[in-house]
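Chemist: Below is the structure I would like to discuss, written out as structure tokens.
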Amino acid sequence: MPLPRTGLCYDIAAAVLRPALQVLTKRDWRGVEHIPAEGGVIVVSNHLSYFDPLAIAHFLHDAGRAPRFLAKSSLFEIPLVGPFLRSAGQIPVRRESRTAGDALREACEAITERGECVVVYPEGTITRDPNLWPMVGKTGAVRTALRTGCEIVPVAQWGAQDVLMPYAKLPKLLPRKTMRIVAGPPIDLSAFRGQEMTPSMLKKATALVMGTLTAMVAGLRGETPPAEPFDPSKANLPTTGNPRKRRRVK
């Protein structure tokens, strides 16, 4: 399936990273048929590791979509890396700041004006759950979907943590690890469309999204998830950044 027109930096990244991932990882991919061939769409996924954006990008690229990730703004401040990410169409998010909404506006434009595939990690960061289950989610993906009218396609993944554990710096590439990824049908948000976007409504819609992802992750793992999602704010942990470096001030 041909990809939509992409920038030079995206093409370079794909040309380098796809063959490397083909060699370095094994793949158990399912549900590719749920990724729409064209048109604006939001893909949501659970976040396990710094490695999983590569696995998700590989999955979406081979499904014929050029993913535009919402990524933490600090990555865009790294010399050479930042301009490259921008040129490749990725979207910076200044998490927990007054300008965080700028990323959502940019995502809305990418979806409605250019029909792009925008990838959002609703947790907002790598999961803090001790057993790597999805945490409570933030409302950005739902707000974007309700504003644009586009669909949210859930993509659950498991295996990236075997290559690079959360916040680890050195990958474990051998023996080759299997990237288990499954896409599901679009999440039905019809009960929320046309409603006023109150905090209560957004929380319920986001819980639906996270519940769907968690059930899909459970299927990949063959395990039962916790009854309630982990909430870092209740565990005195920061909601963004490396929790090993700092804890929330009481």
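Its first residue numbered 177, the sequence shown is counted upward by one per residue in this note's numbering.
Virtual Cβ for every residue (Gly too), placed ideally from N, Cα, C.
#1: Any contact between the region 355 to 370 and the region 201 to 209? By contact I mean 3 or more CB pairs, one from each, below 8 Å.
#2: What runs of the alpha helix (DSSP H), each 4 residues or longer, lie entirely inside the region 346 to 419?
#3: Among the residues of its own chain, which have a CB less than 8 Å from the CB of V329, if the five just before and after it don't count?
#4: What three-state label does DSSP hand A213 in the structure shown?
#5: Less than 8 Å between the C-beta atoms of C293 and R244, yes or no?
#6: May I ask you to report which of helix, strand or coil DSSP gives T301?
#7: Beta strand (DSSP E) containing A436: first to last residue?
#8: Measure the C-alpha to C-alpha separation of G265 and V295 and round it to an integer number of angstroms.
#9: Please classify Q266: does DSSP put it in a helix, a strand, or coil?
#10: Once DSSP output is grouped into helix, strand and coil, what is the label at P310?
#11: I'd like the list of long-range same chain contacts for M341, defined as Cβ closer than 7 Å, with 5 residues on each side in sequence excluded.
#12: Since R339 and L349 should fall inside the 8 Å C-beta cutoff, what is the C-beta to C-beta distance between them, to a whole number of angstroms?
#13: Where does I254 fall in DSSP's three states?
#14: So, for V192: in the same chain, excluding its five sequence neighbours on each side, which residues have a beta-carbon less than 8 Å away from its beta-carbon?
#15: Between L261, R397, K248 and P375, which lies nearest to D187 when the distance is taken from Cα to Cα?
#16: Please return the same chain residues whose Cβ sits closer than 6 Å to the Cβ of L246, not counting the five positions on each side in sequence.
#17: Spatial neighbours of R323 within its chain, please: CB distance less than 7 Å, with the 5 preceding and 5 following residues excluded, ordered by chain position.
#18: How would you call Q333, buried or exposed, if buried means at least 16 neighbouring beta carbons within 10 angstroms?
#19: Closest to S409 by C-alpha separation, out of A239, G215 and D305, would be which residue?
#20: Using beta-carbon positions only, say whether H237 and R290 come within less than 8 Å of one another.
Modeler: With the given structure in hand:
#1: Yes, the region 355 to 370 is in contact with the region 201 to 209.
#2: Taking only runs of at least 4 residues, the alpha helix (DSSP H) segments lying wholly in the region 346 to 419 are 375 to 397.
#3: Within the sequence shown, numbered from 1, the residue matching residue 329 stands at position 153. Once the five neighbours on either side are set aside, the close Cβ partners of V329 are H210, I211, P212, V217, I218, V219, V220, A359, G360, P361, P362 and I363.
#4: Along the sequence shown, one-based indexing puts residue 213 at 37. Per DSSP, reduced to three states, the secondary structure at A213 is coil, with no helix or strand assignment.
#5: Counted from its first residue, the sequence shown places residue 293 at position 117. Counted from its first residue, the sequence shown places residue 244 at position 68. Against a cut-off of 8 Å, the Cβ pair of R244 and C293 comes out as a contact.
#6: Position 125 of the sequence shown, counted from the start, is the residue given in the question as residue 301. Looking at T301 - three-state DSSP - the assignment turns out to be coil, as it is neither helix nor strand.
#7: Any property of residue 436 remains undetermined from this structure, which presents the chain solely from 177 to 426.
#8: Residue numbering aside, residue 265 sits at position 89 when the sequence shown is read from its first letter. Residue numbering aside, residue 295 sits at position 119 when the sequence shown is read from its first letter. Straight-line Cα distance between these residues: approximately 12 Å.
#9: Taking the sequence shown and counting its residues from 1, the one referred to as residue 266 is at position 90. Secondary structure of Q266 (DSSP, three-state): coil.
#10: For the purposes of this step, residue 310 is taken as the residue at position 134 of the sequence shown. Residue state, collapsed to three classes: coil.
#11: Residue numbering aside, residue 341 sits at position 165 when the sequence shown is read from its first letter. Counting only Cβ-Cβ distances below 7 Å, and skipping sequence neighbours, we find S225.
#12: Taking the sequence shown and counting its residues from 1, one reaches residue 339 at position 163. Taking the sequence shown and counting its residues from 1, one reaches residue 349 at position 173. The sequence as given places Val at residue 339; Arg does not occur at that position. Going by Cβ atoms, the distance from V339 to L349 rounds to 7 Å, so yes, they are a contact pair.
#13: Stepping through the sequence shown from its first residue, residue 254 is reached at position 78. Looking at I254 - three-state DSSP - the assignment turns out to be coil, as it is neither helix nor strand.
#14: The residue given as residue 192 occupies position 16 in the sequence shown. Hits under 8 Å: none found.
#15: Working through the sequence shown from its first residue, we reach residue 187 at position 11. Comparing Cα positions, the closest option is L261.
#16: One-based indexing of the sequence shown puts residue 246 at position 70. The residues I267, V269, A279 and V296, in chain order, have a CB closer than 6 Å to that of L246 in the same chain once the five nearest residues on each side in sequence are set aside.
#17: The sequence position of residue 323 within the sequence shown is 147, counting from 1. Within the same chain, Cβ atoms closer than 7 Å to the Cβ of R323 are found at C284, the five residues on either side in sequence being excluded.
#18: On the sequence shown, residue 333 is found 157 positions in, with the first residue counted as 1. By the neighbour-count rule (16 or more Cβ atoms within 10 Å), Q333 is buried.
#19: Position 233 of the sequence shown, counted from the first residue, corresponds to residue 409. S409 has its Cα closest to that of D305, out of A239, G215 and D305.
#20: Mapped onto the sequence shown, residue 237 falls at position 61. Mapped onto the sequence shown, residue 290 falls at position 114. No, these two residues do not count as a Cβ contact at 8 Å.
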